[in-house]
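One structure is given here, and the rest of the page talks about it.
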Amino acid sequence: MGAALHLAHAHQAPVKKRRPKRTGGGNGSQFAEIAHRIYQDDRADTQTRQLLLALAYATTMAPLDDDTNVWRAACNALGSSITDWDGLRSQIRHDLPRYLPPGYRWGSDRLDQRCRGPRIRMHPDGPDDFRNQLKVCGEKTSDKVVEKDPITGWHTNHFFCTRHRDHLQRVAAQVAEQNAVAPPPIPNSGGLLPSYFETDWVWMYRWADRNQSWEPPKVYGLCADNWPVPGRDPVTVPQRARLRLVVSGTDLEED
Ligand SMILES: [Zn+2]
397 MGAALHLAHA HQAPVKKRRP KRTGGGNGSQ FAEIAHRIYQ DDRADTQTRQ LLLALAYATT
457 MAPLDDDTNV WRAACNALGS SITDWDGLRS QIRHDLPRYL PPGYRWGSDR LDQRCRGPRI
517 RMHPDGPDDF RNQLKVCGEK TSDKVVEKDP ITGWHTNHFF CTRHRDHLQR VAAQVAEQNA
577 VAPPPIPNSG GLLPSYFETD WVWMYRWADR NQSWEPPKVY GLCADNWPVP GRDPVTVPQR
637 ARLRLVVSGT DLEED
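397 is the number of the first residue of the sequence shown in the numbering used here; add one for each residue after it.
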């Protein structure tokens, strides 16, 4: 795995020095190597990729002086829309390491806020309607039972309308024991900044989230590199995948 680059806190005042720390044209090959990793990283969405690239540029290439620390240089690289700390805050906040439960992103689940009670009669909207295809009641509702996976801790929502309240109670009783012993959920969002750059990320995420009581994900920690991806081979983490290419057959057992 590539070494993470060290960053000072965003709030730290630039150190007063007579001469510029760097006048530009810094370490181009180091930037190229990190940029390559970032472009390969399919965990990063567009917004996070922009921030990672800007920080990589700021730490390796950007001219730094008394008024421009790496964070300010990263803001400059990100463009005029992010010339103040609020912009940087929201960019970093977007990378907050956390578990996002189902339904957090709109439209990701057809049965989000729809009753899963059984459908006995055909819905008049025709055979292609989801209620007929899935043979569910489909009524809009916000009453749900959350089922926690015993291995990943990930949530499955079971929604039921008032007509299917008995189903809701039965499912709630079925999952109560399993939920009580379920592990903390494996994070599935954010945590990429610590994969590339070293700094006090707990401090930075608290600063970005304006929340001093924010805590890193339990068990799995801050860094997305350390989170298992359920149902997916962990070699999809780019820097690890790249290292595996140089491992010969006899070394594989030690991997
Ligand atoms: Zn229903």
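Even glycine gets a Cβ: it sits at the ideal position worked out from N, Cα and C. In this text, all values refer to a predicted model and were calculated from it rather than measured experimentally.
For W610, tell me which candidate among R489, D521, R566 has the shortest Cα-Cα distance. R489
Touch check for the stretch 506-514 and the stretch 554-571: three-plus C-beta pairs under 8 Å? yes
By Cβ distance below 7 Å, which residues in the same chain neighbour R439 in space, the five residues on each side in sequence not counted? L588, A620
Should D629 go down as buried or exposed, given a rule of 16 or more other Cβ atoms within 10 Å for buried? Low confidence applies to D629: its pLDDT is 44, below 50, so where it sits in the model is not reliable, and the reading given next is rough at best. Exposed, by the Cβ-count rule.
Taking the alpha-carbon positions, what's the Q570 to V598 distance? 37 Å
With DSSP as the reference, please indicate the residues paired to L401 in a beta bridge. F593
Cβ pair count under 8 Å reaching 3, the stretch 565-581 against the stretch 530-550: yes
On the CB-based measure, 16 or more other CB atoms within 10 Å of its CB, does A576 come out buried or exposed? By the 16-neighbour rule on beta-carbons within 10 angstroms, A576 is exposed.
DSSP state of F427, grouped into three classes? helix
Contact set for H563: own chain, Cβ-Cβ below 7 Å, skip 5 residues either direction: G513, F556
Using 8 Å as the limit for Cβ to Cβ distance, is P581 near chain B? Looking at the structure shown, chain B is missing, and only one protein chain is on hand.
Please classify N607: does DSSP put it in a helix, a strand, or coil? coil
Sheet register partners of F555 (DSSP bridge): K540
If you draw a straight line from the alpha carbon of I430 to that of K531, how long is it in whole angstroms? In this model, I430 and K531 are separated by some 50 Å (Cα to Cα).
Which residue wins for smallest C-alpha separation from A452, given the options D441, D461, T442, V466? V466
Alpha-carbon to alpha-carbon, G499 and F441: Checking the sequence shown, residue 441 turns out to be Asp, not Phe. Cα-Cα distance, rounded: 19 Å.
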